[in-house]
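J.: The sequence shown begins at 2 in the working numbering and counts up by one. Ideal placement from N, C-alpha and C gives every residue a C-beta, glycine not left out. On a predicted model such as this, the values are computed, not experimentally measured, just so you know. Below are the structure tokens for one structure; questions will follow.
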Amino acid sequence: MSQDPVDEALKRHLPALPRPKGLPKRLERVYDSMGDRLAMRHHLDRYDEVSGGPSARGIDDELLRRMASYLLSLAEGRWRRLAKSIPALWKRGGREHRKIAGMLVANLPEEALGDQRWTVFSMLLQDDVGLAPVVDAAEEIRRATGEGPSEAWLLAMAAQAPLWHRYAAVIAMTGPPEEAGAAVHDLVASVDAPSRMFERLRERWLERHVDARTA
Numbered sequence: 002m003s004q005d006p007v008d009e010a011l012k013r014h015l016p017a018l019p020r021p022k023g024l025p026k027r028l029e030r031v032y033d034s035m036g037d038r039l040a041m042r043h044h045l046d047r048y049d050e051v052s053g054g055p056s057a058r059g060i061d062d063e064l065l066r067r068m069a070s071y072l073l074s075l076a077e078g079r080w081r082r083l084a085k086s087i088p089a090l091w092k093r094g095g096r097e098h099r100k101i102a103g104m105l106v107a108n109l110p111e112e113a114l115g116d117q118r119w120t121v122f123s124m125l126l127q128d129d130v131g132l133a134p135v136v137d138a139a140e141e142i143r144r145a146t147g148e149g150p151s152e153a154w155l156l157a158m159a160a161q162a163p164l165w166h167r168y169a170a171v172i173a174m175t176g177p178p179e180e181a182g183a184a185v186h187d188l189v190a191s192v193d194a195p196s197r198m199f200e201r202l203r204e205r206w207l208e209r210h211v212d213a214r215t216a
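What follows is the structure, encoded as structure tokens:
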């Protein structure tokens, strides 16, 4: 019986946990072995335009979760070493690297991350990476933990700088509008919209928030 191609690629290119700065290149070899998923390419053009880094390979989320799970199993007992790979993955850029970085932030123990996971995530957002990578990672953290950051945390992040105000709004908008208070509503409503995509997302979220508050 032939081995699963994903498992085979992971075992070939990642037989052991590499040094943090070496993980992006090792993962790129895994991606290369998956071929070019052209069927998804038309969905990814906009992602490539705004997020920077290597072109998106079109690898679906299920396969990326398998890769993240493999890394977590490979790192058992050495969580901190894997956690140190997260900034390198995010900085290298590209859809797949940043999705896996978000999955690792979402699923590594907080003691390995060295801080509360939402704070660790926010520290990755030093540059403008567009909307999609931030939405993807925030949704992954919410999916894994079942919760978002506190209102106080969002307000503190928004107060740091205009870029972080925007990202605090994006993180807030990945959560249920009915759980947000008036202060978070104002945070989202007051940020400058950098794109039509952002404005559409905000309009829908604010409408749902108003509907939830008046129901």
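Identify which residue in A183, S70, P134 and A162 has its Cα closest to the Cα of T175.
T.: As a position in the sequence shown, residue 175 is number 174, starting the count at 1. The candidate whose alpha carbon is nearest that of T175 is P134.
J.: Give the DSSP-derived three-state secondary structure of G23 in the structure shown.
T.: Locating residue 23 in the sequence shown gives position 22, counting from the first residue. The answer is helix: DSSP assigns G23 an H, G or I state.
J.: Alpha carbon to alpha carbon, what distance is there between E208 and H98?
T.: As a position in the sequence shown, residue 98 is number 97, starting the count at 1. As a position in the sequence shown, residue 208 is number 207, starting the count at 1. Spanning the two alpha carbons is a distance of roughly 33 Å.
J.: What span of residues does the alpha helix (DSSP H) with S191 cover, start to end?
T.: Counting from one through the sequence shown, the residue named residue 191 turns up at place 190. Looking at the DSSP string, the run of the alpha helix (DSSP H) that includes S191 is A183 to S191.
J.: Please report the straight-line C-alpha distance between N108 and I142, rounded to a whole angstrom.
T.: What you label residue 108 is simply residue 107 of the sequence shown in a count that begins at 1. What you label residue 142 is simply residue 141 of the sequence shown in a count that begins at 1. Straight-line Cα distance between these residues: approximately 8 Å.
J.: With DSSP as the reference, label S196 as helix, strand or coil.
T.: Reading the sequence shown from its first residue, position 195 is the one you call residue 196. The answer is coil: DSSP assigns S196 none of H, G, I, E or B.
J.: Hey, out of P195, H14 and H166, whose CA is closest to D187's CA?
T.: Taking the sequence shown and counting its residues from 1, one reaches residue 187 at position 186. Among P195, H14 and H166, the Cα nearest to that of D187 is on H166.
J.: Tell me the rounded alpha-carbon separation between F122 and G103.
T.: For the purposes of this step, residue 122 is taken as the residue at position 121 of the sequence shown. For the purposes of this step, residue 103 is taken as the residue at position 102 of the sequence shown. Approximately 8 Å, taken between the alpha carbons.
J.: Taking the beta carbon of M124 as the centre, do at least 16 other beta carbons fall within 10 Å, making it buried, or is it exposed?
T.: The residue you call residue 124 lines up with position 123 of the sequence shown. Label assigned to M124: exposed.
J.: Between R67 and chain D, is any beta-carbon pair separated by less than 9 Å?
T.: The displayed structure is made up of one protein chain only, and chain D is not part of it.
J.: Taking the C-alpha atoms as reference points, what is the distance between P19 and L132?
T.: Here residue 19 refers to the residue found at position 18 when the sequence shown is read from its first residue. Here residue 132 refers to the residue found at position 131 when the sequence shown is read from its first residue. Each residue's Cα considered, the two are about 30 Å apart.
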